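Engineer:
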Amino acid sequence: MATIQAAPAASRATIRDASRPLWRNPSLLMGATLLAIVAGLAIFAPLLTPYGPIDQDLLNAHKPPSWAHPFGTDNFGRDVLTRVLYGARIDLMIGLVPTAITFVTGVLLGAIAGYYGGKIDTILMRVVDVAVAFPFIVLLIAIIAMLGPGLRNMFIAIALVGWISYARIVRGEVLVARNAEYVLAAKTLGFGDARIIFGHVLPNVITPAIVFFMSDAVLNILLGTALSFLGLGPQAPTAEWGRMIQEGRQFIVSGEWWMTTIPGLAILVVGVAFSLIGDGLADLLRVEERV
Amino acid sequence: MDKLGFLGRRLLQLVPVAVGITIVVFLMLRLIPGDPVRIILGSRATPEAIASLQRSLGLDKPLWEQYILFLGNLARGDLGMSLLYRQPVRALVLERLPATLWLVAYSAVLAVAITVPLAIVAARRKDRAVDQVIRGGTLLTLAMPSFWVGIIFMMFFSLRLDIFPVSGLGEGVRDRLYHLFLPSLTVALSLSAILIRSLRSSIVAVTLADFVDTARAKGLTERRIMLKHILRNALISTVTILGVNIGFLIGGTVVIENLFAIPGLGALMLSSISGRDYPMVQGITLVFAVLVVAVNILTDLTYAIIDPRVRL
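Residue numbers (numbering that gives the first Met the number 0), protein chains in the order written: chain V, 0 to 290; chain G, 0 to 311.
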């Protein structure tokens, strides 16, 4: 088991820092708390509001914020607070589902390319070069244009393109790690490639990818709500923040600010929560000090 | 001479990327579930109409032959026919391109104008209150959806204060700068949040360099040291960051064009989607990729000009 002790110093630093109490890391604490609150509101939405997300009440349409409707009602008389709460379910999914998919595929592809090198690596890097030549959102719009709008196709589009960043990050790290002594030692012991990659290399190089996961979640929420704003995401009458902003947009002329302002603030809160967690993790795992 | 050689080599590196771009754009059509021709024409189309559209899209030939045909057409500048407008895609795209270019360039200029002073202030007052406020501001800005920021701007500057128009492009340079101010500012804000962070940390890093001490020992004014010595060096890394984010900048215009009703490529792309105008979507995607690649070469050249050490 000498190989385990020969792992780079960075991972030991990780363990030491992780033992630091959570309250010494305000970013992580604040971010995690915010996210937990939003998740709680999303899960318990039916208990928190007497209305349903698609319940119309045309007699009470276009109402500004009041006691009965703290965030006002939209043009169908639907309660904006209720729709924001239920919208959190979909928007948290937009932040997490495609990000998790691209994290797994990107890390795998990057690790394989970096570890084996040669033709596989060359092909992967060529694909990366081509993919970054397109503006990310344009490629997503083009894919959705072909597949048809909707939440599922939005996820497929992000999954097809979003792995690039993770593959790049992990490939670079693996290129360095594959010549490290602990990897050579594992090879000498006759371990298989899969065991070396998953058991030895990845645990030592995964940290930057984990930290990037958080900024990627912010990016995906912003992209997802933007696509949804453009009408390419979940279709009406689904309560989703980007779509709500799209629907409320025509009423800003008559001064009905709540239909657009409130869902945007919700996006902002979730984005800040993920960013804070990312900053906190970077601090906790000391990404910048890694060699 | 050096710079010309650099440009030549840079262009040569682009060949595989260009081929890749054409393959992606060509294969996009294959993502359509089912038969694109039937989807375009609807379920009540006659067999003759289906066969004729298949021929005009080249779908009756094997895949590789379709690709060669596609490349040949591209080489002649032919992007195909728009199904919706019944006109060549190229003409429609060229008509919309200037508005998008205006928006991209204007946003880049505004982003730099916001970034440089704020980054200097944050770096000079490192870890003090001003720095913290600017840092917090960038964190918030990065989490804001740009289309929402645009709507807030509209509500405040256009509807309440009535000092900027809600939409449109304007005629003539001055009017255009006036019309495009809010949309460009919206795109510029999120970009400058990224740029401020990087420029601030490179100013902090450069400030510690020996040549800054030397300049100070020579008795130069702080202002001159900052502008001539620190900023010029720090800007190099920021230009790189700007280059990396060109796709982000150009992509940002797509959403904002739709919000502010600016008749550019992004607005055309969206209207083509609802009309199932696939050749148009392909053509616009291609032009966007060309735009990113072209601006990237421009940033590389800028980089070579700012940094006299670069003899690439």
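The C-beta atom is built at its ideal place from N, Cα and C for all residues, glycine as well. Quick caveat, the model's predicted, so the values are computed rather than measured.
#1: Strictly by DSSP, which residues pair up with Met-80(G)?
#2: When the Cα atoms are used, what is the spatial distance from Tyr-50(V) to Gly-263(G)?
#3: Just the Cα atoms here: how many angstroms apart are Ala-260(G) and Phe-152(G)?
#4: Please give me, in chain order, every unbroken run of the alpha helix (DSSP H) with length at least 4 that falls completely inside the stretch 92-138 of chain V.
#5: Please name the residue in Met-29(V), Ile-276(V) and Leu-201(V) whose C-alpha comes closest to that of Val-106(V).
#6: Report the neighbours of Met-29(V) on chain G: residues whose CB is nearer than 8 Å to its CB, in chain order.
#7: Select from the stretch 283-297 of chain G all residues with a C-beta closer than 7 Å to any C-beta belonging to chain V, and list them in chain order.
#8: In this structure, does DSSP put Asp-56(V) in helix, strand or coil?
#9: Contact criterion: CB-CB distance below 9 Å. Does Phe-133(V) meet it with respect to chain G?
#10: So what does DSSP say about Asp-78(V), is it helix, strand or coil?
#11: Please classify Ile-163(V) as buried or exposed, where buried requires at least 16 neighbouring CB atoms within 10 angstroms.
#12: Can you list, in chain order, the residues of its chain whose CB lies under 7 Å from that of Phe-163(G), leaving out five sequence neighbours each side?
#13: Whose C-alpha, out of Ser-145(G), Val-289(G), Leu-285(G) and Pro-278(G), is nearest the C-alpha of Pro-35(G)?
#14: According to the Cβ coordinates, are Pro-31(G) and Leu-52(G) closer than 9 Å?
#15: Buried or exposed: Leu-160(G), going by 16 or more other Cβ atoms within 10 Å of its Cβ?
#16: Between the Cα of Phe-221(V) and the Cα atoms of Phe-70(V), Leu-95(V), Val-37(V) and Leu-47(V), which residue gives the shortest distance?
#17: Could you give the DSSP three-state label for Thr-185(G): helix, strand or coil?
#18: Who are the near neighbours of Leu-3(G) in its chain, counting only those whose CB is closer than 8 Å to its CB and skipping five residues on each side?
#19: Count the other C-beta atoms from every protein chain shown that fall within 10 angstroms of the C-beta of Val-271(V), then say buried if there are 16 or more, exposed otherwise.
#20: Does chain G have any CB closer than 9 Å to the CB of Leu-275(V)?
#21: Kindly indicate if chain V contains any beta-carbon less than 9 Å away from that of Val-186(G).
#22: Flag Ala-303(G) as yes if its beta-carbon sits less than 9 Å from any beta-carbon of chain V, otherwise no.
#23: Would you mind telling me which residues of chain V sit closer than 7 Å to Pro-278(G), beta carbon to beta carbon, in chain order?
#24: Using beta-carbon positions only, say whether Gly-71(G) and Gln-281(G) come within less than 9 Å of one another.
#25: Under 9 Å between beta-carbons, which chain G residues line up against Thr-259(V)? List them in chain order, please.
#26: Classify Glu-288(V) as buried or exposed, calling it buried when 16 or more other Cβ atoms lie within 10 Å of its own Cβ.
#27: Measure the beta-carbon distance from Thr-81(V) to Ala-216(V) and round it to whole angstroms, keeping in mind my assumption that it falls under 8 Å.
#28: With a threshold of 9 Å between beta-carbons, can Phe-228(V) be considered close to chain G, or not?
#29: Quick check on Thr-99(G): does DSSP put it in helix, strand or coil?
#30: Can you tell me whether Thr-295(G) is buried or exposed, with buried defined as 16 or more other CB within 10 angstroms of its CB?
#31: When you compare only the Cα positions, how much space is there between Leu-13(G) and Phe-133(V)?
#32: Going by DSSP, name the residue or residues bridged to Thr-72(V).
#33: From the beta carbon of Met-92(V), is the nearest beta carbon of chain G less than 9 Å away?
#34: Using the beta-carbon of each residue, which ones in chain G are nearer than 8 Å to Trp-256(V)?
#35: With distances taken from CA atoms, which of Leu-280(V), Lys-186(V), Thr-101(V) and Arg-88(V) is nearest Ala-166(V)?
#36: Quick one: list the residues of chain V neighbouring Met-80(G), beta-carbon separation under 9 Å, in chain order.
Structural biologist: Quick look at the numbers:
#1: As a first step, residue 80(G) must be located in the second sequence, where it is residue number 81. Answer by DSSP bridge pairing, in chain order: Pro-87(G).
#2: Residue 50(V) sits at position 51 when you count from the first residue of the first sequence. Residue 263(G) sits at position 264 when you count from the first residue of the second sequence. Roughly 41 Å separates the two Cα atoms.
#3: On the second sequence, position 261 is the one that residue 260(G) refers to. On the second sequence, position 153 is the one that residue 152(G) refers to. Cα to Cα, Ala-260(G) sits roughly 15 Å from Phe-152(G).
#4: Taking only runs of at least 4 residues, the alpha helix (DSSP H) segments lying wholly in the stretch 92-138 of chain V are 117-130.
#5: By one-based count along the first sequence, residue 106(V) stands at place 107. Taking only the C-alpha atoms, the option nearest Val-106(V) is Leu-201(V).
#6: Stepping through the first sequence from its first residue, residue 29(V) is reached at position 30. Here the premise fails: no neighbours, minimum Cβ distance about 11 Å.
#7: Thr-284, Phe-287, Ala-288, Val-291 and Val-292
#8: Counting from 1 along the first sequence, the entry for residue 56(V) is found at position 57. DSSP places Asp-56(V) in coil when its eight states are reduced to three.
#9: As a working note, residue 133(V) is residue 134 in the first sequence. Closer than 9 Å to some Cβ of chain G, the Cβ of Phe-133(V) qualifies, so yes.
#10: Here residue 78(V) refers to the residue found at position 79 when the first sequence is read from its first residue. Residue state, collapsed to three classes: strand.
#11: Looking up residue 163(V) in the first sequence gives position 164. So Ile-163(V) ends up on the buried side.
#12: In the second sequence, residue 163(G) corresponds to position 164, counting from 1. Excluding sequence neighbours, Phe-163(G) sits near Phe-156, Ser-157, Phe-180 and Leu-181.
#13: Within the second sequence, numbered from 1, the residue matching residue 35(G) stands at position 36. Closest by alpha carbon: Pro-278(G).
#14: Residue 31(G) sits at position 32 when you count from the first residue of the second sequence. Residue 52(G) sits at position 53 when you count from the first residue of the second sequence. For the sequence presented, residue 31(G) should be read as Ile rather than Pro. Cβ atoms of Ile-31(G) and Leu-52(G): not closer than 9 Å.
#15: As a first step, residue 160(G) is located in the second sequence; it is residue number 161 there, counting from the start. The residue is exposed, with fewer than 16 neighbouring Cβ atoms inside 10 Å.
#16: Working through the first sequence from its first residue, we reach residue 221(V) at position 222. Residue 221(V) is actually Leu in this sequence, not Phe. The shortest C-alpha separation from Leu-221(V) is found at Leu-95(V).
#17: What you label residue 185(G) is simply residue 186 of the second sequence in a count that begins at 1. Assignment of Thr-185(G) by DSSP, reduced to helix, strand and coil, places it in the helix class.
#18: Your numbering for residue 3(G) matches position 4 in the second sequence. Counting only Cβ-Cβ distances below 8 Å, and skipping sequence neighbours, we find nothing.
#19: Translated into positions along the first sequence, residue 271(V) becomes position 272. Classification for Val-271(V): buried.
#20: Residue 275(V) sits at position 276 when you count from the first residue of the first sequence. Closer than 9 Å to some Cβ of chain G, the Cβ of Leu-275(V) qualifies, so yes.
#21: The count along the second sequence starts at 1 and reaches residue 186(G) at position 187. It does not; no Cβ of chain V falls within 9 Å.
#22: Locating residue 303(G) in the second sequence gives position 304, where the first residue counts as 1. No, no contact with chain V.
#23: What you label residue 278(G) is simply residue 279 of the second sequence in a count that begins at 1. Those do not exist, as Pro-278(G) stays about 11 Å from chain V at its closest Cβ, beyond 7 Å.
#24: Position 72 of the second sequence holds residue 71(G). Position 282 of the second sequence holds residue 281(G). Not a contact, by the Cβ cut-off of 9 Å.
#25: Taking the first sequence and counting its residues from 1, one reaches residue 259(V) at position 260. The answer, in chain order, is Trp-147, Ile-150, Ile-151 and Met-154.
#26: Translated into the one-based positions of the first sequence, residue 288(V) becomes position 289. The predicted position of Glu-288(V) is uncertain, since its pLDDT is 45 and thus under 50; a value taken from the coordinates is nonetheless stated next. Here Glu-288(V) is exposed, its C-beta having fewer than 16 other C-beta atoms within 10 Å.
#27: What you label residue 81(V) is simply residue 82 of the first sequence in a count that begins at 1. What you label residue 216(V) is simply residue 217 of the first sequence in a count that begins at 1. Incorrect: roughly 25 Å between the Cβ atoms, too far for contact.
#28: Counting from one through the first sequence, the residue named residue 228(V) turns up at place 229. Closer than 9 Å to some Cβ of chain G, the Cβ of Phe-228(V) qualifies, so yes.
#29: If you number the second sequence from 1, residue 99(G) lands on position 100. In the structure shown, Thr-99(G) sits in a helix (DSSP, three-state: H, G or I).
#30: Here the question's residue 295(G) lines up with position 296 in the second sequence. The sequence shown places Asn at residue 295(G), not Thr. Asn-295(G) is buried by the Cβ-count criterion.
#31: Numbered from 1 along the second sequence, position 14 holds the residue referred to as residue 13(G). Numbered from 1 along the first sequence, position 134 holds the residue referred to as residue 133(V). The alpha-carbon atoms of Leu-13(G) and Phe-133(V) are separated by roughly 14 Å.
#32: Start at 1 with the first residue of the first sequence, and residue 72(V) comes out as number 73. The partner list for Thr-72(V) (beta bridge, DSSP) reads Asp-78(V).
#33: To locate residue 92(V), count along the first sequence from 1; it is residue 93. No, Met-92(V) does not count as interfacial toward chain G.
#34: For the purposes of this step, residue 256(V) is taken as residue 257 along the first sequence, with counting starting at 1. Neighbours of Trp-256(V) on chain G, chain order: Met-154.
#35: By one-based count along the first sequence, residue 166(V) stands at place 167. Closest in C-alpha terms to Ala-166(V), from the list Leu-280(V), Lys-186(V), Thr-101(V) and Arg-88(V), comes Thr-101(V).
#36: Locating residue 80(G) in the second sequence gives position 81, where the first residue counts as 1. Around Met-80(G), no beta-carbon contact reaches into chain V at under 9 Å, the shortest distance being about 17 Å.
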